[in-house]
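K.L.:
Before anything else, here's the structure in question.
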Amino acid sequence: MKQLTTSAASLFMALTAVGQPPVQVIPEPYRVEMRLEQPFVIDSHTAIVLSDSAALPAANRLAALPGAGFPIRWRNKGADVENGIILELSPELEYLGDEGYTFQVRPGAIIIQAFRPSGLFYAVETARQLFPERKSGLSGYALPSFDIEDHPRFAWRGLHLDVSRHFMPLAFIKKYIDYLAFHKLNTFHWHLVDGIGWRMEVKSHPELTNWGAWRVVKEGQMPWQDFEVWKPGDERPRYGGFYTREEIKEVVAYARERYITVVPEIELPGHSEVVFQCYPELLCQDSLGNSLDNIGVYCAGNPDSYRLLEDVLDEVLELFPSEYIHIGGDEVNKSNWGRCARCQHLMAEYQYPSLHDIQSHFINHFDNYLRARGRRLIGWHEILEGELSPEASIMYWGGADGTAAYLRRGHPTVLTPGSHLYFDHYQSQSPHEPKAWGGYSPLKEVYEYEPVPEELEEAYRANILGVQANVWTEYMPDVRQVEYMVFPRIAALAEVAWSRGEKDWPRFREKLGALLPRYDAMGINYARSAFRPQASFELGRQTKQL
1 MKQLTTSAAS
11 LFMALTAVGQ
21 PPVQVIPEPY
31 RVEMRLEQPF
41 VIDSHTAIVL
51 SDSAALPAAN
61 RLAALPGAGF
71 PIRWRNKGAD
81 VENGIILELS
91 PELEYLGDEG
101 YTFQVRPGAI
111 IIQAFRPSGL
121 FYAVETARQL
131 FPERKSGLSG
141 YALPSFDIED
151 HPRFAWRGLH
161 LDVSRHFMPL
171 AFIKKYIDYL
181 AFHKLNTFHW
191 HLVDGIGWRM
201 EVKSHPELTN
211 WGAWRVVKEG
221 QMPWQDFEVW
231 KPGDERPRYG
241 GFYTREEIKE
251 VVAYARERYI
261 TVVPEIELPG
271 HSEVVFQCYP
281 ELLCQDSLGN
291 SLDNIGVYCA
301 GNPDSYRLLE
311 DVLDEVLELF
321 PSEYIHIGGD
331 EVNKSNWGRC
341 ARCQHLMAEY
351 QYPSLHDIQS
361 HFINHFDNYL
371 RARGRRLIGW
381 HEILEGELSP
391 EASIMYWGGA
401 DGTAAYLRRG
411 HPTVLTPGSH
421 LYFDHYQSQS
431 PHEPKAWGGY
441 SPLKEVYEYE
451 PVPEELEEAY
461 RANILGVQAN
471 VWTEYMPDVR
481 QVEYMVFPRI
491 AALAEVAWSR
501 GEKDWPRFRE
511 KLGALLPRYD
521 AMGINYARSA
531 FRPQASFELG
541 RQTKQL
């Protein structure tokens, strides 16, 4: 039997003496049980052992961990293994679901099992945190004996990124997906379109990226102020970019390898100013045929509005295999519809009593379009204004205190409350924080968010698809600033989305402290302000925030 090194034994005894489990993983596993056995000690002969080729991707990922370098060996299932890390699928673990796994450490072996390969993937992400970052290798490292049984609380565990306000390069999009995978998040909501930037190549309408992907840079103004698309021949400086079809395919494939679904968002019927600078004929018109102001809203009475968006969505469905397609639907300024001759004709034709019904008409058209093609519509909760198909899903971004009322509406719902999960909010009250959109969502508030309202009846709880945090980039001009706003709050999001609802803030802070060196090794620009006491003095009085 391998012997425990003195340093490893000292560490194990110290952790046990203070009553703190040596297993520190974010998100917290469903169940961890420490065992009074000798640890497993890695040495130069430790190998990954497989009996099923379906486990090979997880094995390759485990072998690629920094300092690991484990060889991969094959065995007959059930054969004895000594000094191995066993990765295998087990039909007996069906009760843990597709993403669940078990992780057992014994003196002679580590046994990792799951019902599906996706479960093995998440087990490897757990191993990533259990094994130290050692470029010199893991030989001599001792892992205490324990049992982990783990599975996620919610099916949808999402993180959003707005690339319209500020374009983010392809390399960062892949890195962002890696960040999701590391924290066991499984849905990347890619906000490709908004009022001041179109970021997806569309073959049938090249103007959307030839013009709509670029804006004129205007000194002293924010991007959305006096927004103007840049067109070829304009000698003024431009800003922007877009993702080609091949790049989008690359992102989708990269995410799929990490069991992450990419959900694209194409905004309609609002937040579309950029479209009408490319196609002004889609604006509402008065009775004399004069275009009304560009307030970013499609003319719902113009058949060409539907044709353009169907052309776009045809290509979206070609590139994105996701079950859900996000259509926006938020913050629609309906004033032009009330003055538009074609929209008024639409109201009369269908005997619609209000402008909300025009919005419903527009949304339901695309709900039917998507369902006819085997997909499902999801939009921000404002799509509930008027009538909505019961099959449609919503993202609720209001305050947490309004959650129960929306869940009682009966639609499948992803919870993205602006009160807790908007990562464009400030994360500390320090005057040194970089400029943000507004709001205040510190790390502790994110961690303590409970998605299921206590007052919500059991019958409606099944409407919760999951949770997601949103990253709006008005004040995030580059990838470093995105990282600063996302980290370390993404760790708290992971606990909300994956772990049981039991909260232990001191333990979470301790686990996060152990995780920070890994963020450092990954080169992440996380916000240190989340951990620093802040103090200010005024006329002899001290105020402090801890």
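Numbering (my numbering), first residue to last: 1 to 546. Heads up, the beta-carbon is just placed ideally off N, CA and C, and yes, glycines get one too.
1) Where does Leu309 sit, in a helix, a strand or coil, going by DSSP?
2) Out of Glu448, Glu510, Gly69 and Glu201, which has the shortest C-alpha to C-alpha gap to Leu493?
3) With DSSP as the reference, label Gln265 as helix, strand or coil.
4) Can you give me the C-alpha to C-alpha distance between Gly19 and Met34, rounded to a whole angstrom?
5) Under 8 Å Cβ to Cβ from Arg461, same chain only, skipping five residues before and after it: list those, please.
6) Classify Tyr359 as helix, strand or coil using the three-state DSSP reduction.
7) Determine the direct distance from the alpha carbon of Ile86 to that of Leu65, and round the result to whole angstroms.
8) If you follow the alpha helix (DSSP H) that Gln632 is in, where does it begin and where does it stop?
9) Nearest to Tyr440 by CA position, among Glu331, Leu421, Gln344 and Gly398, is which residue?
10) Buried or exposed, going by whether 16 or more other CB atoms sit within 10 Å of the CB of Asn302?
11) From Met485 to Asp424, what does the alpha carbon distance come to, in whole angstroms?
12) Quick one: any contact between the stretch 174-188 and the stretch 247-267, if contact means 3 or more CB pairs under 8 Å?
13) How about the stretch 328-339 and the stretch 281-297: do they share at least three Cβ pairs that are nearer than 8 Å?
14) Tell me whether the beta-carbon of Asp150 lies closer than 9 Å to the beta-carbon of Ala123.
15) Please determine, among Gln104, Val252 and Ala47, the residue with the shortest C-alpha to C-alpha distance to Glu37.
16) In whole angstroms, give me the CA-to-CA distance for Glu247 and His365.
17) Count the other CB atoms, across all protein chains shown, that sit within 10 Å of the CB of Leu288; report buried if there are 16 or more and exposed otherwise.
18) Output the residue ranges of the alpha helix (DSSP H) runs that lie fully inside the stretch 116-176 and measure 4 residues or longer, sorted by chain position.
19) When burial is assigned at 16 or more other CB atoms within 10 Å of the CB, is Trp190 buried or exposed?
20) By Cβ distance, which residues of its chain are closer than 7 Å to Ala400, with the 5 residues on each side in sequence left out?
21) Rounded to the nearest angstrom, what separates Glu207 and Tyr526 at their Cα positions?
22) Please classify Pro506 as buried or exposed, where buried requires at least 16 other C-beta atoms within 10 Å of its C-beta.
23) Quick one: Cα of Ala9 to Cα of Thr403, how far?
24) Classify Ala470 as buried or exposed, calling it buried when 16 or more other Cβ atoms lie within 10 Å of its own Cβ.
25) Are the beta-carbon atoms of Pro27 and Ala530 separated by less than 9 Å?
26) Use the C-beta contact count for Ser354: other C-beta atoms within 10 angstroms, 16 or more gives buried, fewer gives exposed.
27) Could you check how far apart the C-beta atoms of Gly67 and Ser136 are, in whole angstroms? I think they sit under 8 Å.
28) Comparing C-alpha positions only, which one of Lys503, Trp498, Arg500 and Pro488 sits nearest to Pro517?
29) Tell me the rounded alpha-carbon separation between Leu515 and Gly466.
30) Is it buried or exposed for Tyr350, if we count other Cβ within 10 angstroms and need 16 for buried?
31) Assign Phe531 to one of three DSSP states: helix, strand, or coil.
32) Count Cβ pairs between the stretch 111-121 and the stretch 76-90 that sit closer than 8 Å; are there 3 or more?
P.N.:
Let me spell this out:
1) Note: Leu309 maps to helix in three-state DSSP.
2) The option with the nearest alpha carbon to Leu493 is Glu448.
3) Here the sequence assigns Glu to residue 265, which means Gln is not the residue at that position. Of the three classes helix, strand and coil, the one that applies to Glu265 here is strand, per DSSP.
4) Confidence at Gly19 is low in this model, with a pLDDT of 43, below 50, so its placement is unreliable and the value that follows should be read with caution. Roughly 11 Å between the two C-alpha positions.
5) By the criterion of a C-beta distance shorter than 8 Å, Arg461 is surrounded in its chain by Leu407 and Val452, once the five residues flanking it on both sides are discounted.
6) Contrary to the premise, residue 359 reads as Gln rather than Tyr in this sequence. Helix at Gln359.
7) Near 16 Å, if we compare the C-alpha coordinates of Ile86 and Leu65.
8) Residue 632 lies beyond the range of the chain shown here (1 to 546); nothing can be said about it.
9) Taking each of Glu331, Leu421, Gln344 and Gly398 in turn and checking the Cα distance to Tyr440, the smallest one comes out for Leu421.
10) Using a 10 angstroms sphere on the CB of Asn302, the tally of other CB atoms reaches 16 or more, which defines it as buried.
11) If I take the Cα positions, the gap works out to 7 Å.
12) The stretch 174-188 makes contact with the stretch 247-267: 3 or more CB pairs, one atom from each, lie closer than 8 Å.
13) Because the criterion of three Cβ pairs below 8 Å is met, the stretch 328-339 and the stretch 281-297 touch.
14) In contact: Asp150 and Ala123 (Cβ atoms closer than 9 Å).
15) Comparing Cα-Cα distances from Glu37 to each of Gln104, Val252 and Ala47, the minimum goes to Gln104.
16) Each residue's alpha carbon lies about 29 Å from the other.
17) By the beta-carbon neighbour count (other beta carbons within 10 angstroms, threshold 16), Leu288 is exposed.
18) Runs of the alpha helix (DSSP H) inside the stretch 116-176: 117-130.
19) Buried, by the Cβ-count rule.
20) Excluding five sequence positions before and after Ala400, the CB atoms of its chain that fall closer than 7 Å to its own CB belong to Pro417, Ser419, His420 and Tyr449, given in chain order.
21) If you take the alpha carbons of Glu207 and Tyr526, they lie about 38 Å apart.
22) Pro506 should be labelled exposed.
23) The pLDDT assigned to Ala9 is 46, lower than 50, so where the model puts this residue is not dependable, and the model offers no usable value.
24) In the sequence as displayed, the identity of residue 470 is Asn instead of Ala. By the 10 Å Cβ count, Asn470 comes out buried.
25) Not in contact: Pro27 and Ala530 (Cβ atoms no closer than 9 Å).
26) Exposed.
27) Between Ser136 and Gly67 the Cβ distance is about 7 Å, and since that is below 8 Å, they are a contact.
28) Minimum Cα distance to Pro517 is reached at Pro488.
29) Distance between the alpha carbons of Leu515 and Gly466 is about 25 Å.
30) With fewer than 16 Cβ atoms within 10 Å of its Cβ, Tyr350 is classed as exposed.
31) Here Phe531 sits in coil by DSSP.
32) Per the Cβ contact rule, the stretch 111-121 is in contact with the stretch 76-90 (3 or more Cβ pairs under 8 Å).
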